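Data block below; observations after.
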Amino acid sequence: MLSTSPLAQILSQTLAYSTDSAGMHPSHILPDKLRAIAAAGFLFAEVAFPDLEMYASQLHPDYKKLDDGGQRDLDKLIGAANEISKLCNSLGVKLLAVHPFSELEGYADEAKRAHGMERAHAWFKVLKALNCEILQVSSSDDPSSSKDRNLIARDLRDLADAAAKEQPPIKIAYEMWAWGCHINTWEDTWDICKRVDRPNFGLCLDTFQICARAFASPTSPTGLLQPLFSASNPSANPFSTEYASQLLRNSLSRLADTLPPEKIFYFQISDGAHPGGANGGKRGIEELKQSARKKGIDPLYAWSNAWRPLPYMDELVGRKYGGYLPVVDVCEAVLKTGWRGPFSFEVFYERDMSIEDPTVPERWTRAAQGSFERIMQELKARGIEV
């Protein structure tokens with residue numbers, strides 16, 4: 001039964017689904033993903049830049065992906081973006097944002113900074129072709145970048161100023177990546193946002209990223225952050241759940257009291273499953289670590305890429321996906337700021353999404369609508385309303 005609460009009605013008007021969450025196999029092409037998103041009843045979609053580049057390569061087999069300076073086959077990419085814009089118009093779907101733009105900020109080398117801005121201007125052209133006005137920028141995971149927040153803010157301010165000059169103006173939604181080298185909590189991104197101090201620069205919050213720094217750990221036996229044992233804390237219990245729960249409660253309380261709703265440009269939703277859960281045990285955790293080492297990435301990044309089901313997925317489809325993050329707690333805190341949308345699903349579950357199955361886009365987008373309804377029901381039960 002569809003939720004009829006005023007809050008659900010308001011949020012459903014800007015409800016979005018991300019294209020990279022509608023299938024991870026090469027056979028799941030961008031037009032098919034967008035058709036599935038529209039058929040499931042979403043009015044908005046996020047476009048993953050790699051999806052668009054893959055589509056450009058399908059239109060043009062000789063297509064060369066953009067380099068770090070935004071060079072190579074930009075014209076072909078813009079042509080692909082124009083085709084996607086036409087498709088979205090025919091489907092009645094608007095594009096909320098393009099993601100993820102990263103590794104722009106915190107560089108002392110002027111040539112590297114200039115390269116980053118050239119890449120940004122190339123992306124701006126793509127956004128214009130897509131008729132999209134939000135660029136999501138993720139906190140850098142490049143260890144060679146500076147931790148100096150004044151440098152980071154300087155570069156992002158330059159980006160925001162350049163984006164504001166576009167016609168129509170582009171907004172920058174800054175997201176914390178939990179594996180970011182220097183900026184990896186919502187508090188970090190909010191500090192940078194205040195330093196940037198531009199009206200078109202705000203935040204993209206994400207339930208998974210917040211929980212990955214203030215509640216969960218894919219490499220701990222319990223799946224939760226654990227207190228550190230030390231001489232000053234000899235009674236630390238590595239199997240305690242209260243430590244992680246209190247850590248998250250404190251973080252969410254600060255978030256609800258701190259963030260101005262107008263600075264939350266949009267909010268991404270996903271759950272997280274523990275690699276060691278569902279009988280995965282130590283082997284599942286070790287496989288995640290090995291995958292991360294093989295790819296040269298942080299285990300949190302490897303976890304994010306493969307273990308993010310929809311909230312209530314087990315209940316919705318009758319299969320074990322194992323989501324365990326307190327997603328509704330995060331939603332409640334964000335809503336307590338006064339924020340009321342946009343709201344977008346960004347989920348990645350490699351075991352299912354990466355198979356060559358043409359039903360994947362439809363199954364996941366339809367399940368997301370069910371997930372939205374369950375979240376709304378739970379929020380209503382908690383007394384969270386307009």
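Just so you know, we're using full-length UniProt numbering here: the sequence shown kicks off at 1 and counts up by one.
For each residue, glycine too, the CB sits at the ideal point set by N, CA and C.
In this text the structure is predicted, and so the values were computed from the model without any measurement.
Candidates the options, of which the one nearest residue i by Cα
| i | options | result |
| --- | --- | --- |
| residue 122 | 157, 65, 156, 143 | 65 |
| residue 77 | 87, 58, 67, 53 | 53 |
| residue 337 | 321, 308, 347, 254 | 254 |
| residue 23 | 144, 12, 36 | 36 |
| residue 152 | 335, 116, 166 | 116 |
| residue 173 | 267, 288, 34 | 267 |
| residue 130 | 105, 163, 46, 377 | 46 |
| residue 242 | 145, 259, 227 | 227 |
| residue 206 | 12, 162, 247, 138 | 138 |
| residue 262 | 201, 275, 216 | 201 |
| residue 27 | 109, 57, 377 | 57 |
| residue 148 | 124, 183, 126 | 183 |
| residue 21 | 379, 372, 360 | 360 |
| residue 220 | 319, 89, 275 | 275 |
| residue 271 | 60, 19, 322, 161 | 322 |
| residue 141 | 106, 110, 155 | 106 |
| residue 204 | 60, 346, 61 | 346 |
Residues of its chain near residue i, where Cβ-Cβ distance is below 7 Å and the 5 sequence neighbours each way are ignored
| i | result |
| --- | --- |
| residue 157 | 196, 198 |
| residue 354 | 24, 25 |
| residue 1 | Confidence at residue 1 is low in this model, with a pLDDT of 41, below 50, so the placement of that residue should be treated as unreliable; the coordinate-derived value is given next. Around residue 1: no qualifying Cβ. |
For residue j and residue i, believed in contact at Cβ under 8 Å, the rounded distance
| i | j | result |
| --- | --- | --- |
| residue 325 | residue 367 | With a Cβ gap of about 17 Å, residue 325 and residue 367 do not count as contacting. |
| residue 343 | residue 104 | With a Cβ gap of about 26 Å, residue 343 and residue 104 do not count as contacting. |
| residue 101 | residue 135 | 6 Å |
| residue 388 | residue 269 | Limits of the chain in this structure are 1 at one end and 386 at the other, which puts residue 388 out of reach. |
| residue 256 | residue 215 | Incorrect: roughly 16 Å between the Cβ atoms, too far for contact. |
| residue 30 | residue 93 | At roughly 12 Å, the Cβ-Cβ gap does not stay under 8 Å, so residue 30 and residue 93 are not in contact. |
| residue 49 | residue 171 | Wrong, their Cβ atoms sit about 16 Å apart, outside the cutoff. |
| residue 97 | residue 159 | The Cβ separation is near 15 Å, so there is no contact. |
| residue 5 | residue 380 | 5 Å |
Where the beta strand (DSSP E) through residue i begins and ends
| i | result |
| --- | --- |
| residue 171 | 171 to 175 |
| residue 96 | 94 to 102 |
| residue 55 | Per DSSP, residue 55 belongs to no beta strand (DSSP E); it is in the alpha helix (DSSP H), 49 to 59. |
| residue 267 | 264 to 269 |
| residue 138 | 134 to 138 |
Close beta carbons around residue i, own chain, < 8 Å, minus the five adjacent residues each side
| i | result |
| --- | --- |
| residue 40 | 17, 362, 365, 366, 368, 369 |
| residue 375 | 269, 311, 312, 327, 328, 331 |
| residue 133 | 127, 168, 169, 170, 171 |
| residue 19 | 30, 33, 34, 37, 45, 46, 47, 48, 51 |
Unbroken alpha helix (DSSP H) run spanning residue i, endpoints
| i | result |
| --- | --- |
| residue 205 | It is not in any alpha helix (DSSP H) - residue 205 instead sits in the beta strand (DSSP E) that spans 201 to 206. |
| residue 333 | 327 to 336 |
| residue 11 | 6 to 12 |
| residue 301 | 299 to 306 |
| residue 360 | 360 to 381 |
| residue 290 | 281 to 295 |
| residue 37 | 30 to 39 |
| residue 124 | 110 to 130 |
Sequence-distant residues of the same chain with beta carbon closer than 6 Å to residue i, five excluded per side
| i | result |
| --- | --- |
| residue 341 | 11, 14 |
| residue 209 | 176, 178 |
### Query
Counting pairs of Cβ atoms below 8 Å between the stretch 294 to 301 and the stretch 177 to 192, do you hit three or more?
yes
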